[in-house]
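Residue 106 in the UniProt record's numbering is what sits at position 106 of the sequence shown, and the numbering runs on without skipping anything.
Working notes for the structure below.
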Amino acid sequence: MVNKIVGNVMCLKSSIAGDDGKQYEVISLGPIGVLPEYQGKGIGGMLIAHTKKIAKGQGFRGILLFGDTDYYTRQGFVVAESFGIRNAENMYADALHGCELYEGALTSARGRYFEDDIYNVAESLVSEFDTLFPFKEVIHDTPMQKKFEMMVKKVKPSEL
């Protein structure tokens, strides 16, 4: 057993503006991370499973996120389009995934998904915040970052 933090997951409340005029509260999952030397050992999956359990226990209907289809489908997520859920711009997005925490929970919440504004942080503020900590090299253009950038660009118009 390792006595250190090797992974983390962050979540916050977000909402779906339902096509029926109702607001549906959901959880946004992300970011999630596991130290490179501990990846491939199921830690990310355990973090997601634990998050689902907590979210369900707190009465949330589902979890939504933008992420890699190959990874998140293994964790029980499906492309949100299958629930009729679009992004804030009313587009179906290949990278937008959802996981129902009980049967029919997201199917009955068709609409536009709005992440919390906390995700919209100016890059300059992030850089300023980073100066408060010891220097750590920021790595750009990793294969996963490139894949994600391509995925989030894949959108198609909604019929609504």
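A virtual CB, placed ideally from N, CA and C, is assigned to each residue, including glycine.
Taking all protein chains shown into account, Tyr119 has fewer than 16 neighbouring C-beta atoms within 10 Å of its C-beta and is therefore exposed.
A direct Cα-to-Cα measurement between Leu125 and Leu132 gives close to 12 Å.
Selection Pro157, Glu128 and Tyr38 evaluated against Ala88 yields Pro157 as nearest (Cα-Cα). The residues Ile32, Leu47 and Thr51, in chain order, have a CB closer than 6 Å to that of Val9 in the same chain once the five nearest residues on each side in sequence are set aside.
At a Cβ-Cβ threshold of 9 Å, Leu65 and Leu29 count as neighbours.
If you look at Ala17, you'll find it in the beta strand (DSSP E) that goes Gly7 to Gly18. Pairing Ile63 with Val26 gives a Cβ-Cβ distance under 9 Å. The DSSP-derived three-state label of Gln23 is strand. 9 Å or more divides the Cβ of Met150 from the Cβ of Thr69.
When only Cα atoms are considered, Gly76 and Asn90 end up about 24 Å apart.
His50 sits in a helix when the DSSP states are folded into three classes. Put simply, the backbone Cα of Gly104 is about 12 Å away from that of Ser82.
Restricting attention to Pro134, Tyr102, Glu37 and Glu115, the CA atom closest to the CA of Ser15 is found in Glu115.
Assigned with DSSP and collapsed to three states, Ser158 falls in coil, not helix or strand. Residues Tyr92, Arg112 and Ser158 of the same chain have their beta carbon placed closer than 6 Å to that of Arg86, with the five preceding and five following residues left out of the count.
About 15 Å separates the beta carbons of Arg61 and Leu12, which is beyond the 8 Å limit, so they are not a contact pair. Between the beta-carbon of Ala109 and that of Tyr24 there is about 4 Å, and that keeps the pair under the 8 Å contact cut.
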